[in-house]
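This report refers to the structure that appears directly beneath it.
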Ligand code: UDP
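In my numbering, the protein residues as written are 3 to 352.
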């Protein structure tokens, strides 16, 4: 029997890539999204890539407990991958109540419904932001989580804790509706599907580096600001671990399989999902120019408040336990990001 995976927030950037990989791995997928931060472009792209017109899509808000309960009643869900959350750091500082309400509320509703329907395997999309400005690099899953510097980051930490506690309680003697949990801590997801049919679609001015680069290259933005060139790093710009979104999506597939096949070593597990390679902002910009043969207009400006100097992943746990490894080079990924930006420009002309 095919297993069914619910992807909450499945019409968004990472959710759409994960949906493709799940379907290609033979799972049935239910996509649910409130479309608050995306349109149907990526879901339509998912259907084209997979050749599947029949993927169930439910437009719903995960903050609506009755709707979540109803969803679990309509489908027999074997695993949930939870993406439905707000993700803009700056906005979270300005609107903390909105962030806590949405990001915690939606996750609590998922866990409540999952328990009520006899238990489930739950994969939570966490973030390397939980490590903050780490003292020791690369960070391992055992590295301390530092106090979050934004409400967004705090919601990631709190949701990890909610999942850990729920897993523990539901596995305790006598409890019903056991929840198994995996938190994947993403580093910096970038790039797009090689088909260029799905990718990141930021609304308004992008906060993240790669969409800002591609929009500058295509002429939507005049100039890329590189935030800080006086960091204590080899070239003075920040170091990050940029992970290809398709590689990242594949990590979800193996993590889900691990839960469904009873291969977990503990009822709650955490994995870093990165490449293990630090790349500076200046290096990334240079690689983008080189691999795509375009010149970028950029300048160095002041540091952006809240940015950490450097963060990259120790990936051996994911490599060994999940049998997963990032495969695409940063050059391939930057070429895919550019192909996607050009695809959007073409579609907008039509
Ligand atoms: N960055 C930049 N200009 C931009 C956006 C980002 O120089 O327009 C830098 C940012 O300071 C950080 C890196 O690019 O060092 C990655 O930032 P992003 O927002 O993509 O991800 P973060 O690491 O903050 O989650």
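We put the beta carbon where it would ideally sit given N, CA and C, even for glycine. Predicted, not measured: the structure shown is a model, and the values here were computed from it.
Next item on the list: Starting from the Cα of residue 132, find the closest Cα among 145, 99, 228 and give me that residue.
Entry: Here residue 132 is taken as the residue at index 130 of the chain shown, counted from 1. Residue 145 is the option with its Cα nearest to residue 132.
Item checked: Three-state class that DSSP yields for residue 289 in the structure shown -> Along the chain shown, read from residue 1 onward, the residue named residue 289 stands at position 287. In this structure, residue 289 counts as helix in the three-state DSSP scheme.
Margin query: I need the boundaries of the beta strand (DSSP E) containing residue 345, first residue and last residue.
Written below: In the chain shown, counting from the first residue as 1, residue 345 sits at position 343. From DSSP, residue 345 is part of no beta strand (DSSP E) but of the alpha helix (DSSP H) over 332-351.
Check: Do we get a CB-CB distance below 7 Å when we pair residue 7 with the residues of chain B?
Finding: The chain labelled as chain B is not found in the depicted structure, where only one protein chain is given.
Margin query: My output table needs one value for residue 92: the three-state DSSP class, helix, strand or coil.
Written below: Mapped onto the chain shown, residue 92 falls at position 90. Three-state result, residue 92: helix.
Checklist line | Exposure of residue 322, with buried meaning 16 or more beta-carbon neighbours within 10 Å | finding: Translated into the one-based positions of the chain shown, residue 322 becomes position 320. By the 10 Å Cβ count, residue 322 comes out exposed.
Check: Hey, how far is the Cα of residue 233 from the Cα of residue 124?
Finding: By 1-based counting over the chain shown, the position of residue 233 is 231. By 1-based counting over the chain shown, the position of residue 124 is 122. Between residue 233 and residue 124, the C-alpha separation is close to 38 Å.
Check: So is the beta-carbon of residue 211 under 6 Å away from any non-hydrogen atom of the ligand UDP?
Finding: Along the chain shown, one-based indexing puts residue 211 at 209. For the ligand UDP, at least one heavy atom lies less than 6 Å from the Cβ of residue 211.
Next item on the list: May I ask you to report which of helix, strand or coil DSSP gives residue 146?
Entry: Within the chain shown, residue 146 is the residue found at index 144, counting from 1. Correct three-state label for residue 146: coil.
Next item on the list: Pull up the distance between the alpha-carbon of residue 354 and that of residue 150, whole angstroms please.
Entry: Since the first and last residues shown for the chain are 3 and 352, residue 354 lies out of range.
Item checked: Where residue 44 sits in the DSSP three-state scheme -> The residue you call residue 44 lines up with position 42 of the chain shown. Residue 44: helix per DSSP, three-state reduction.
Check: Got a sec: does the ligand UDP put a non-hydrogen atom nearer than 6 Å to the Cβ of residue 306?
Finding: Numbered from 1 along the chain shown, position 304 holds the residue referred to as residue 306. Yes, the beta carbon of residue 306 sits closer than 6 Å to at least one heavy atom of the ligand UDP.
Margin query: My assumption, with CB atoms under 8 Å, is that residue 9 sits in contact with residue 85. Please give the rounded CB distance.
Written below: Your numbering for residue 9 matches position 7 in the chain shown. Your numbering for residue 85 matches position 83 in the chain shown. Rounded, the Cβ-Cβ distance is 7 Å, consistent with contact.
Notebook entry, point to check: Going along the chain, which residues of its own chain have a beta-carbon closer than 6 Å to the beta-carbon of residue 290, five neighbours each way excluded?
Noted result: Walking along the chain shown from the start, residue 290 turns up at place 288. Taken in chain order, the residues that qualify are 215, 336.
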